[in-house]
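Colleague:
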Amino acid sequence: MQSREEPTHEVKEARRAFYTRLDARNTTPLWEVMSGLVTREPASKCLPAIWHYETVRPLLMEAGALITAKEAERRVIVLENPGIRGVSQITQSLYAGLQLILPGEVAPSHRHAASALRFVIEGEGAYTAVDGERTRMHPGDFILTPSWTFHDHGNEGSEPVVWLDGLDVPIVNLFDSSFAEPYGEESQPLSRQEGDALARFGANLLPVEYRSGSLSAPTFCYPYERTREALAWLAAHGPVDDVHGVKMQYVNPASGGYPMPTIGAFVQWLPKGFTGAPVRATDSTVFCAVEGRGTTTIGGQSFDWGPRDVFVAPSWLPVSHRAETDSVLFSFSDRPAQKALGLWRETR
Ligand code: 1HN
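Each step along the sequence shown adds one to the number in our numbering, with nothing skipped, and position 59 is 67.
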């Protein structure tokens with residue numbers, strides 16, 4: 009910032025003594041901390057990182073042998089950003105983890121202020137119940153658990169089921185606005201048929217009452233089957249963006265906006281040989297590769313990915329994707345929260 013003359017020894021000593029007296033009164037001199045508080049541009053403590061599924065999966069299965077879903081409440085291996093270990097965060101604002109539920113298990117019903125998303129990674133036969141409605145989980149499905157809705161999970165199949173959880177826990181805790189409670193029984197009663205509103209009316213036509221309050225909103229599941237169809241159609245007919253390839257954002261049919269107030273989610277198709285131009289944005293982004301193979305360069309570091317690998321791009325680092333084969337990437341970030349606060353920026 010401003011260049012200052014080097015103070016004399018006496019001045020330095022006087023300042024140090026003064027700071028000690030300030031400290032004793034729960035005060036501190038702004039001029040000593042200001043440049044760290046107000047950076048010229050985002051200076052994330054988070055680091056770019058990747059979790060290869062082939063390394064994390066055996067650890068998840070070990071967890072499966074050591075603790076039940078019931079004992080754990082949620083049997084999850086938390087993905088911690090290596091730049092901010094020990095706080096259960098994958099970015100400054102988001103939590104992410106890989107959850108395992110084994111055949112016959114139930115993860116008991118509870119609710120909390122934090123909003124959650126599930127992105128199914130592996131296995132058939134599990135369901136998640138949200139606000140009285142069960143949704144079957146298939147690999148690639150994207151499912152919402154809005155704030156303060158009771159939710160429980162179960163595996164009625166014969167194979168392990170794993171999904172990626174994304175929650176806005178750090179945002180809720182930033183505001184000291186966390187509430188949570190158990191339902192009191194393992195599973196909540198079901199009050200709606202699976203896929204009720206969406207199956208009957210489609211995303212463009214919903215009964216008025218579904219719009220009137222978040223607690224009466226239906227469970228939103230975005231089945232991969234339909235996502236994949238839309239991507240294939242756009243890949244064949246739509247323009248391919250220099251940066252993003254063919255990218256779509258998931259829309260909440262009840263609001264027409266982002267899936268949840270704090271979390272936005274996206275899915276993109278990158279054709280074989282795609283070499284994306286770099287982009288930097290203020291929303292740190294969690295990616296999960298679904299199909300294909302490629303390399304993403306984040307702030308000069310390159311990460312090779314394949315199906316089921318999870319990687320994270322911190323705020324403002326340039327991100328560019330290369331696809332070795334036709335590829336699909338799912339991603340999520342805090343973009344809606346930043347937009348609501350007038351903070352979001354992106355430059356190509
Ligand atoms: C939670 O409720 C779930 O319901 C998963 O599956 C992960 C991480 C932090 C706090 C609550 C779930 C969670 C969580």
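For each residue, glycine too, the CB sits at the ideal point set by N, CA and C.
From 103, 95, 108, pick the residue whose C-alpha is nearest to that of residue 71; which is it?
Modeller: 108
Colleague: By Cβ distance, which residues of its chain are closer than 7 Å to residue 309, with the 5 residues on each side in sequence left out?
Modeller: 56
Colleague: Is residue 82 near the ligand 1HN, with its Cβ less than 7 Å from a heavy atom?
Modeller: Yes.
Colleague: Could you pull out every residue in the same chain whose Cβ sits closer than 6 Å to the Cβ of residue 190, ignoring the five residues on either side in sequence?
Modeller: 118
Colleague: Please work out which residues of its chain come closer than 6 Å, Cβ to Cβ, to residue 113, disregarding the five sequence neighbours upstream and downstream, and give them in chain order.
Modeller: 77, 163
Colleague: What's the gap between the Cα of residue 184 and the Cα of residue 229?
Modeller: 29 Å
Colleague: For the candidate residues 40, 291, 262, 317, whose alpha-carbon lies nearest to that of residue 128?
Modeller: 317
Colleague: When the Cα of residue 196 is compared with those of 165, 25, 138, which residue comes out closest?
Modeller: 138
Colleague: Confirm the yes/no value for this check: CB of residue 105, any heavy atom of the ligand 1HN, distance under 7 Å.
Modeller: yes
Colleague: Compare the C-alpha of residue 330 against each of 288, 234, 354, 281 and name the closest.
Modeller: 281
Colleague: Which residues share a DSSP beta bridge with residue 92?
Modeller: Per DSSP, none; premise fails for residue 92.
Colleague: Specify the secondary structure class of residue 178 as computed by DSSP and reduced to three states.
Modeller: helix
Colleague: With distance defined between alpha-carbon atoms, name the residue in 192, 144, 188 nearest to residue 171.
Modeller: The alpha carbon of residue 171 has as its nearest neighbour, out of 192, 144, 188, the alpha carbon of 144.
Colleague: Pull up the DSSP beta-bridge partners for residue 137, would you.
Modeller: Residue 137 is bridged to 142, 160.
Colleague: Please check the pair residue 271 and residue 344, which I expect to be a contact at CB under 8 Å, by giving their CB distance rounded to whole angstroms.
Modeller: The distance from the Cβ of residue 271 to that of residue 344 is about 7 Å, consistent with a contact at the 8 Å cut-off.
Colleague: Answer with buried or exposed for residue 246, where buried requires no fewer than 16 other C-beta atoms within 10 angstroms of its C-beta.
Modeller: Classification for residue 246: exposed.
Colleague: Would you please state the rounded distance, in angstroms, between the beta carbons of residue 326 and residue 353? I believe it to be under 8 Å.
Modeller: Contact doesn't hold; Cβ gap of about 13 Å is too wide.
Colleague: I'd like to know if residue 299 contacts chain C, where contact means its C-beta is closer than 8 Å to some C-beta of that chain.
Modeller: The chain labelled as chain C is not found in the depicted structure, where only one protein chain is given.
Colleague: Is the beta carbon of residue 99 sitting closer than 8 Å to the one on residue 294?
Modeller: yes
Colleague: Going by alpha carbons, who is nearest to residue 122 out of 132, 134, 102?
Modeller: Out of 132, 134, 102, 102 has the C-alpha closest to the C-alpha of residue 122.
Colleague: Let me check you understand the geometry: is the CB of residue 118 closer than 7 Å to at least one non-hydrogen atom of the ligand 1HN?
Modeller: yes
Colleague: Does DSSP put residue 228 in a helix, a strand or coil?
Modeller: If DSSP states are grouped into helix, strand and coil, residue 228 belongs with coil.
Colleague: Does DSSP put residue 221 in a helix, a strand or coil?
Modeller: Note that residue 221 scores 42 on pLDDT, short of 50, meaning its location in the model is unreliable and no value can be drawn from it.
Colleague: Counting along the chain, where does the alpha helix (DSSP H) carrying residue 43 start and finish?
Modeller: 38-45
Colleague: I need the boundaries of the beta strand (DSSP E) containing residue 97, first residue and last residue.
Modeller: Here residue 97 belongs to no beta strand (DSSP E), and DSSP marks it neither H nor E.
Colleague: According to the Cβ coordinates, are residue 169 and residue 130 closer than 8 Å?
Modeller: yes
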